[in-house]
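Chemist:
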Amino acid sequence: MKIKTFIADAFTDELFKGNQAGVCILETPVSEENMILIAKEFGFSETAFVTKKDHNRYAIRYFSPVMEIPLCGHATMASAKVLFTEHPEMKAITFETYSGTVLELKNADRIEMFFPVHDTRQYVLPEEISDAIGITDLLDCAYNEYHNIVLAEISSSTELQALKPDFNRLKNINTDINGVLVTARSEKEGYDFEYRYFWPWSGSDEDPVTGGVQSFLCKYWTLKLNKKVLNAFQCSERTGSMEVELQDGQTVIRSNAVIFMSGEIHLPV
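Under this note's numbering, the first residue of the sequence shown is numbered 1, with each subsequent residue one higher.
1) Restricting to Cα atoms, I'd like to know which of Ser255, Asp131, Lys91, Ala142 is closest to glutamate 14.
2) Mind checking whether isoleucine 111 and alanine 257 have CB atoms under 8 Å apart?
3) Can you give the beta carbon distance from glycine 220 to threonine 120, rounded, assuming they're within the 8 Å contact cut?
4) Leaving aside the five residues before and after phenylalanine 260 along the sequence, list all residues of the same chain whose C-beta is less than 7 Å from its C-beta, in chain order.
5) Rounded to the nearest angstrom, how far is the Cβ of leucine 5 from that of valine 117, given a contact under 8 Å?
6) With a threshold of 8 Å, are at least 3 pairs of Cβ atoms found where one atom belongs to the region 72-92 and the other to the region 28-41?
7) Can you tell me which of Trp201, Asn148, Ala92, Thr183 puts its alpha carbon nearest to the alpha carbon of asparagine 174?
8) Say whether the region 51-67 touches the region 91-105, bearing in mind that this needs 3 or more beta-carbon pairs closer than 8 Å, one atom from each stretch.
9) To the nearest angstrom, how far is it from the Cα of glycine 22 to the Cα of leucine 103?
10) From threonine 158 to glutamate 187, what distance separates their C-alpha atoms?
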């Protein structure tokens, strides 16, 4: 079986920045076991598997090298970039995720993704996790059930960028959460908040740039800053950025992606 495949850098206009995602366009079904094996072979934080349903409507599933992920922003952005490039006549795409979420995307100067809005509730971050990450100035902590992610706000984006988690220690901590999103008000001109995402329990050590978390992070900072349109910066090694906005009960994410390569996977039948 041959699978048309792409690698794209999402949430950036430059190659070798943003977040890498594998995008596999499926014409025939592939088992979940093979999806995980393909994701492991890529080694990216997520690989998307896209199947056409009708006209501009597609089913999409996301896999880390460890497990299936319910929603992934950068792999959605990468998949949209691939489809808009392969089919330039398309101006909009609908993705149906395996978790039941329906995503709308538009092709304009930047790709617009319309994600749901998810709530958070207060949470007490275990001391062993905060110590292993290196958090010393925790201002607030919340939990998002949909993504199973803990949000931790600290006081300085400079300190956020300087964090050097002990991932070996984190991996040995017994926890049910998927990861910890650490965020702070931005000290960079033109940006409102920054963030990094650590998830050694369910993916890679650190996700270079993640968009799916904006389904709750955008609302968190919108309420905190009382601002309609926000500019977000992920201060990971590769870096990435996006504009986010709460609009009519949805989270709007605006950014772009760059296709790095295309080819074929040769999967044994």
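Beta carbons are placed, not taken as given, at the ideal position from N, Cα and C, and that holds for glycine.
Modeler: Based on what the coordinates show:
1) Position 14 of the sequence shown, counted from the first residue, corresponds to residue 14. Checked all of Ser255, Asp131, Lys91, Ala142; the closest Cα to glutamate 14 is Ser255.
2) What you label residue 111 is simply residue 111 of the sequence shown in a count that begins at 1. What you label residue 257 is simply residue 257 of the sequence shown in a count that begins at 1. Contact flag set, yes.
3) Counted from its first residue, the sequence shown places residue 220 at position 220. Counted from its first residue, the sequence shown places residue 120 at position 120. Per the sequence shown, the amino acid found at residue 220 is tyrosine instead of glycine. Right, their Cβ atoms sit about 6 Å apart.
4) By one-based count along the sequence shown, residue 260 stands at place 260. Hits under 7 Å: Ile7, Ala8, Asp9, Leu15.
5) Along the sequence shown, one-based indexing puts residue 5 at 5. Along the sequence shown, one-based indexing puts residue 117 at 117. Checking the sequence, you will find threonine at residue 5 rather than leucine. The beta-carbon separation of threonine 5 and valine 117, rounded to 32 Å, does not stay under the 8 Å limit for a contact.
6) Remark: fewer than three beta-carbon pairs, one from each stretch, lie closer than 8 Å, so the region 72-92 and the region 28-41 are not flagged as touching.
7) Here the question's residue 174 lines up with position 174 in the sequence shown. Per the Cα distances, Trp201.
8) Output reads yes: the region 91-105 touches the region 51-67.
9) Along the sequence shown, read from residue 1 onward, the residue named residue 22 stands at position 22. Along the sequence shown, read from residue 1 onward, the residue named residue 103 stands at position 103. Between glycine 22 and leucine 103, the alpha-carbon positions lie close to 19 Å from each other.
10) Start at 1 with the first residue of the sequence shown, and residue 158 comes out as number 158. Start at 1 with the first residue of the sequence shown, and residue 187 comes out as number 187. C-alpha separation (whole angstroms): 8 Å.
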